[in-house]
Amino acid sequence: MKVWHFKNLYFQITIFLCLICFFNNKIFASSSFDDTYTALKNQSLDILEKTEKKNLDLLVNKFKRSLLIEAFFENDLDLAYTLIENKIAIDTKDNDGNSALHLAAKLNNAKMIEKLLMDISVDDLNSLNQTPMHIAIINNQKEALRVLIKNGSDINAQCKSLLNNSLLSDFFGLALAISKNDIEMIDILLEDDRIDISQNIETIGNILHLAVHLNYPEILKHLLDEHLDKVYDLLDERNSNELTPLMYAAFLGNAHEIALLKEKGADVDAKDGNGKATIHFATIAKQKDIIELLAYFGADINGVDNINFRAVDYLRQNTDDESKEIIDLFSKLNEQNQKLQNAPPLYVYNPLENLVLQGGGAKGIAFVGAIQALENLKALDDLKRVCGASAGAITAAFISLGYDSKEMHEILSKTNLTDFLDYIISVKNFENYFKDESYKEILKNAALDIFQIFKHPLTTIDNTLDLFESIFDTTSLCEGEDFRKWLEEKIFEKTKIKYCTFKELRHLTKTDKRFKHLHVITTQVEPTMKIVQINSEDTKYDDVIISDAIRASMSIPAVFKPHNLYIKNSENKRVKKDDSALFVDGGVLYNYPINAFDTLKYQIANYTSENKDFVILNKRTLGLSLYTPQNPSQKINRADNIIEFTNTLFELYFNAEEFFHMLEPYDEYRTVKINNEDVSTLEFQLTDEEIKKLEDSGLDATIKFFKEQEKRLNDLNLTISLDDIKKIESL
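Take any residue in the sequence shown, note its place counting from 1, add 445, and you have its number in the numbering used here.
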């Protein structure tokens, strides 16, 4: 027992002496730290030479900060830089695990960051797994962010961060920048090709979900406008709760975000795993304004989920006034939908998405006036695609490339189309060919042939082309190469892409809202005969060069030679397409392609391979058509000279399809009819007076058309007015 007491006493004395030494050392260390730091602060730098580096590295103050960390906390950057240069306490951290590199990033000190990167990893972690890059983003330090990215920081690294007072463990750099509502920071990150745009925050979703969650419409708009090529695939992506960004916005009642997402192509009728669509989530959340907005955007308000419940059925058992109001709203919306279904197209209510331009030679400058009117009416804000045949394809291309009406006027009014002709059309050829027949008889026979085109198109077109080739010496037809080169220049001015292809245009439509999909109508005559709609939405035309497709559509018989399509190869060179197909003017059979978008694939987002080509009238297609005040049959009877004969023959063939469409009266409701002021298709050179008359004609006809539209809309007395929608979108 005595031995045990002795040992126990010895142990207690030892502990006591150790504690005394410990506190003495702490006091000494603290005192030594203060003296050293004060000396360094007063620029007594000789202490760095007199004291061993390892002793300086170990010095800490009562807050457990090293000399270097304390210099950062005191914002004494000159001292901090001196310590960094001498590598004093370079590996130390603050109580939150932040290294000197984290602190330099927080202060946006690029010079210090570059120096520290010699000793500290660019992706060094603090206690929240935050790298210096994360710290730079959190503190809105853009220069620091650029330096860290330049030096290889992992821009996809995840960390913990607070969001709405919740600590989330899977935050990444881009999500942090969005949460800071900082557009410039977002752009810096998205400029880096290493960015993984598909990353998710588990409880929220992708970056579009996050912008919706935070109700940051400016950020969402920026992502969709400036980086659509990167975020496009996220539009209909579901989060862990099976919600798309649009569904989430509907549930939260974010009208502005809904409009932005819908504009870029988000599927308003997409469903979650339980079959619920966006309209279900808006209804369950009792978002009355959002229900109206979704109905306006064409949502199926009667769509059912997996248990066969419509959105309104989820409120049937409710007795509160709000639920009753929404149930009544659904009843009114169904009545409204019936009215709209029975009514002709109403572009003042459901804005046009597709624009179709008729062929018409130089008189197509009338379309410039029509486009000016549409711009003034803001009727092109939802435009997605443009289609044209023959000369209409030129204007269609300009629109798809982002040229406005003023720019088109400058180009077309100052361009002499005769410069593209290798020779002047010869009257003698006509006189020799028809010397034994009167002009009137020939034209009457031609008129009878017109309707055979639509009964037997593939055989009749061959006879038509033979006629034109017989009239003209085919060896003297214009090559059209000057025209193609001119057009190529105009395409390059907007795209900055040499030999821009339809695939490249499709890419531009995703990155810049000024660009629209282009559809060019042309007529293939070899090896088989058919109408071809070359466009940027069909991948089989991806490599076709746009200028060549338009040149093919402009192969006016007896003026330009038939044309082969050319593609851009892997070496960015223009080469002839392998199939060697030969094309002539698209206007020969399809001069006014008003029904080019009358299939399901151009009207809904969730079409299938089985139903995509189902034919259905597209009420969001508007056509611009040229008409001659005088009936063509009257022209036949007064064709007493060769000039009148030539013009009338071409008018007959290029307006043949217009006669056919007179059998389709509903097209009148989606056609702006523009007086062509009796200008011929073959009139390549217009006077200033003729140009003004044509442009004014297009302007006046379009304004008149939309005034009639407004009157029909008012007569319908709809439940949801345009003013209602504008109010909802502005909330």
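We put the beta carbon where it would ideally sit given N, CA and C, even for glycine.
Just so it is clear, the structure is predicted and the values come from calculations on it, not from any experiment.
Query                                                                                                                      : Result
Local conformation of HIS701 per DSSP, three classes                                                                       : helix
N- and C-terminal bounds of the alpha helix (DSSP H) containing TYR741                                                     : 733-741
Residues near LEU440 by beta carbon distance below 6 angstroms, same chain, minus five either side                         : No answer is possible for residue 440: it lies beyond the span of the chain, which begins at 446 and ends at 1176.
GLU982 vs ARG951 beta-carbon contact at 8 angstroms                                                                        : yes
LEU953 classed as buried or exposed, judged by whether at least 16 other C-beta atoms fall within 10 angstroms             : buried
Residues near GLU1181 in its chain [Cβ-Cβ closer than 8 angstroms; skip 5 each side]                                       : It is not possible to answer for residue 1181, since the shown part of the chain is limited to 446 through 1176.
Sequence-distant residues of its chain with Cβ nearer than 7 angstroms to TYR482 (five each side left out)                 : LEU512 and GLU515
Cβ contact (3+ pairs, closer than 8 angstroms) linking the segment 1145-1152 and the segment 702-720                       : no
Sequence-distant residues of its chain with Cβ nearer than 6 angstroms to TYR986 (five each side left out)                 : PHE947 and ILE979
Same chain only: Cβ atoms within 8 angstroms of LEU739, ignoring 5 sequence neighbours per side                            : ALA695, ILE703, VAL713, THR723, ILE724, ALA727 and ILE746
Where GLN603 sits in the DSSP three-state scheme                                                                           : strand
Cβ distance (whole Å) where SER544 is taken to contact ILE565 below 8 angstroms                                            : 5 angstroms
Distance, ASP1030 Cα to THR1093 Cα                                                                                         : Residue confidence is low: THR1093 scores 49 on pLDDT, short of 50, so the model does not pin down where it sits. Its coordinate-derived value is still stated next. Cα to Cα, THR1093 sits roughly 17 angstroms from ASP1030.
Cβ shell of LEU706 (< 7 angstroms), same chain only, five flanking positions each side left out                            : LEU680, PRO690, LEU691 and ALA694
CA-to-CA distance, ASP569 to PHE478, given in whole angstroms                                                              : 26 angstroms
Contact between the segment 490-510 and the segment 524-544 (3+ Cβ pairs under 8 angstroms)                                : yes
ALA811 beta carbon less than 8 angstroms from that of ASN1036                                                              : no
ARG1186, buried or exposed, once every other Cβ within 10 Å from all chains shown has been counted against 16              : The chain is shown from 446 up to 1176; residue 1186 falls before or after that span and cannot be answered.
Anticipated Cβ contact below 8 angstroms, ASP1043 with ASN1056, distance rounded                                           : That pair is no contact at about 14 angstroms.
Residue span of the beta strand (DSSP E) that contains LEU679, given as start and end                                      : No beta strand (DSSP E) holds LEU679; DSSP gives it neither H nor E.
Cβ-Cβ separation, GLU971 to ALA1026 (assumed contact under 8 angstroms), whole Å                                           : 6 angstroms
DSSP beta-bridge partners of SER611                                                                                        : LEU608
At least three beta-carbon pairs within less than 8 angstroms, the segment 633-640 to the segment 596-606                  : yes
Same chain only: Cβ atoms within 7 angstroms of ILE729, ignoring 5 sequence neighbours per side                            : TYR759
Spatial neighbours of LYS1172 in its chain, beta-carbon cut-off 6 angstroms, leaving aside the 5 residues before and after : none
Contiguous beta strand (DSSP E) assignments of at least 3 residues, all confined to the segment 960-1008                   : 962-971 and 975-980
Per-residue DSSP class, three states only, for ILE746                                                                      : coil
Buried versus exposed call for PHE1150 [16 or more other C-beta atoms within 10 Å across all chains shown]                 : buried
Bounding residues of the beta strand (DSSP E) (the contiguous stretch that carries PHE1028)                                : 1027-1029
Collapsed DSSP secondary structure at THR954 in the structure displayed                                                    : helix
Sub-8 angstroms separation of LEU1071 and ALA815 beta-carbons                                                              : no
Spatial distance of ASN571 from LEU485 (CA atoms)                                                                          : 27 angstroms
Distance between HIS701 and HIS579 (C-alpha atoms, nearest Å)                                                              : 30 angstroms
Residue range of the beta strand (DSSP E) that includes VAL1117                                                            : 1116-1120
ASN487 CB to nearest heavy atom of the ligand MN below 7 angstroms                                                         : With respect to small molecules bound, the structure shown includes none, and the ligand MN cannot be examined in it.
For ASN782, three-class secondary structure by DSSP                                                                        : helix
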